[in-house]
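Here's the structure we're looking at; comments come further down.
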């Protein structure tokens, strides 16, 4: 050691300077290569939640079916209510009509509790475009006393909902969380996962919103197919405790061959995070807990700190649903969730502001109403 140190000091100044520069260069190069290797080995979280140019990411406040607690779900009025409330993301479901048109509707059938018309009780996949458009789905539901009825409200196509959102936020600041309602073979879906995925992605690309969309599903095959088709697409693996009640072969169908029991970890929370990561999903979207909300006597959380910490370690975001109480929102935020899906985005926006959680300001009601009038005019029978 001493000899090496002495010879270093004894070198001419120019030689030492050149060697020093070379040493720094080689060290920097090695560090860069090491970081590059690490970057390629570790999963990188999707930037979808980083929707603000400010340094801190926005909390992803998602309006469930627009704003189901405020207006008839999945109608233009519900999406308008969500936009006025200040959501970052409109969450919605897509079902195909008999001719393959993607409609924004959650239920397999047009239920009489939500709609009236000749097609009530029938599966949307068996109905034509005209039959679906003839339904009146502006009813209120007793479990949502704050809902405002909108008689004559019609089920919208995915094109119509995207067009409405782009009118309100043409330059960004709004995202869509699009759920494919296709089911595994052996259930009731007429169309394949491949068909659903193709139709939905084609529609998103036609409106040039792929980089503003989360694609979610309980049927994980659609997520796998969408990543193969569009690698940059942000995908979200929906999951709920019901998966445990299914026989192993049925559970495997929903999870595209993945099974929770085969995942590393000794708890459900760890295995859920591992399963989502092994699928290649950017987000895992679990039920927050049940029954009811945090604070209820029998409530048991499903989304917990162990799940979120493991997901984050694997580079996966966490987005629980459907959070409708402040205590539940507190719990989900405290365990590290990057956002929530809620029926009451107005209440959750107020909660976030009071708690100091970063959410965007509420949008101009005038602009939302203008775009709503234009959308309704385009959709007149």
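Numbering (full-length UniProt numbering), first residue to last: 1 to 381.
Glycine is no exception: its CB is placed at the ideal position from the N, C-alpha and C atoms.
Which partner residues of residue i appear in the DSSP bridge assignment?
i, result
"residue 123", "109"
"residue 188", "Per DSSP, none; premise fails for residue 188."
"residue 172", "Answer by DSSP bridge pairing: none, since residue 172 is not bridged."
"residue 96", "102"
"residue 194", "Answer is none; residue 194 lacks a bridge partner."
"residue 216", "179 and 236"
"residue 136", "116"
"residue 309", "Residue 309 pairs with nothing; no bridge assigned."
"residue 300", "290"
"residue 150", "DSSP, once it has assigned bridges, lists no residue as partnering residue 150."
Rounded to whole angstroms, what's the CA-CA distance from residue i to residue j? Just pull it up for me.
i, j, result
"residue 336", "residue 118", "47 Å"
"residue 45", "residue 310", "Its pLDDT being 39, under 50, residue 45 is placed unreliably in this model, and the value from its coordinates should be taken loosely. Approximately 13 Å, taken between the alpha carbons."
"residue 182", "residue 233", "18 Å"
"residue 281", "residue 237", "6 Å"
"residue 313", "residue 343", "29 Å"
"residue 290", "residue 299", "5 Å"
"residue 436", "residue 223", "Given a span of 1 to 381 for the chain in the structure shown, any question on residue 436 remains unanswerable."
"residue 371", "residue 99", "28 Å"
"residue 141", "residue 65", "14 Å"
"residue 381", "residue 340", "36 Å"
"residue 272", "residue 260", "6 Å"
"residue 231", "residue 123", "32 Å"
"residue 245", "residue 120", "30 Å"
"residue 352", "residue 215", "25 Å"
"residue 175", "residue 323", "19 Å"
"residue 157", "residue 92", "11 Å"
"residue 368", "residue 79", "10 Å"
"residue 196", "residue 355", "40 Å"
"residue 105", "residue 96", "9 Å"
"residue 61", "residue 358", "10 Å"
"residue 252", "residue 243", "9 Å"
"residue 213", "residue 164", "15 Å"
"residue 431", "residue 73", "Outside the modelled stretch of the chain, which goes from 1 to 381, sits residue 431, for which no answer is possible."
"residue 131", "residue 112", "15 Å"
"residue 361", "residue 173", "11 Å"
"residue 189", "residue 248", "21 Å"
"residue 297", "residue 348", "22 Å"
"residue 126", "residue 101", "12 Å"
Which class does residue i belong to by DSSP, given the choice of helix, strand or coil?
i, result
"residue 82", "helix"
"residue 208", "coil"
"residue 90", "strand"
"residue 155", "coil"
"residue 60", "strand"
"residue 342", "strand"
"residue 287", "strand"
"residue 323", "coil"
"residue 316", "coil"
"residue 144", "coil"
"residue 276", "helix"
"residue 162", "helix"
"residue 368", "helix"
"residue 349", "helix"
"residue 241", "helix"
"residue 469", "Any answer about residue 469 is impossible in this case: the structure gives the chain only from 1 up to 381."
Which residue's Cα is closest to the Cα of residue i: the options?
i, options, result
"residue 103", "162, 318, 363 and 261", "162"
"residue 218", "199, 303 and 287", "287"
"residue 307", "294, 297, 334 and 322", "334"
"residue 152", "142, 159 and 138", "138"
"residue 277", "294, 246, 264 and 316", "316"
"residue 88", "292, 346 and 356", "346"
"residue 85", "94, 96, 71 and 93", "71"
"residue 256", "185, 78 and 160", "185"
"residue 279", "361, 320, 220 and 264", "220"
"residue 225", "136, 210, 132 and 201", "201"
"residue 275", "250, 116, 363 and 263", "263"
"residue 110", "154, 146, 240 and 147", "154"
"residue 240", "59, 328 and 320", "320"
"residue 302", "330, 284, 269 and 193", "269"
"residue 94", "149, 179 and 148", "179"
Please check the pair residue i and residue j, which I expect to be a contact at CB under 8 Å, by giving their CB distance rounded to whole angstroms.
i, j, result
"residue 167", "residue 374", "7 Å"
"residue 76", "residue 82", "At roughly 11 Å, the Cβ-Cβ gap does not stay under 8 Å, so residue 76 and residue 82 are not in contact."
"residue 144", "residue 338", "With 8 Å as the limit, residue 144 and residue 338 do not qualify as a contact, their Cβ atoms being about 26 Å apart."
"residue 146", "residue 63", "14 Å between Cβ atoms; not a contact."
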